[in-house]
Amino acid sequence: MTASPAIRRPPAGHVACGLLAGVLAVMASLPASAQSRCRAADPTGTPLNVRSGPYGDILGQVKNGTLVRIEADATDGKGKTWAYVVAIDTGQPLGWVFRDYLACS
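Count the sequence shown with mature numbering (1 follows the signal peptide of the UniProt record, and there is no 0) and you get residues -34 to -1, 1 to 71, in order.
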């Protein structure tokens, strides 16, 4: 697994602040049952990009097979679901990934 930096927040007044506020509102409304144990499973065979938010800046990558836990999820304006994940082995928050690229039990 490639280490990724801490979650970055956009500066005040930045265009992304509205998106971040919306994502945080969705996260706050999710039930505790939203948490799942999953493996990264990018069908292209490349490492899965971890982002600052849905379609956000790439913070790092995780290799296929890496175990993660979903802490929250959100559906974007295009109807695609994203998941905020944490590394199971370290508990380190990683960021947002495209939900279809996770295989969950």
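Ideal placement from N, C-alpha and C gives every residue a C-beta, glycine not left out. Keep in mind the model is a prediction, meaning the values are calculated, not measured.
Contact between R3 and R35 is confirmed by a C-beta separation of about 6 Å, below the 8 Å threshold. Taking the CA atoms as reference points, L33 sits about 25 Å from G45.
If you draw a straight line from the Cα of R5 to the Cα of G19, it comes to about 19 Å.
Partner residues in the beta bridge of P59, as assigned by DSSP, are V52. A straight line joining the alpha-carbon of L60 with that of Y50 spans about 8 Å. For D39, the secondary structure class from DSSP, reduced to helix, strand or coil, is strand.
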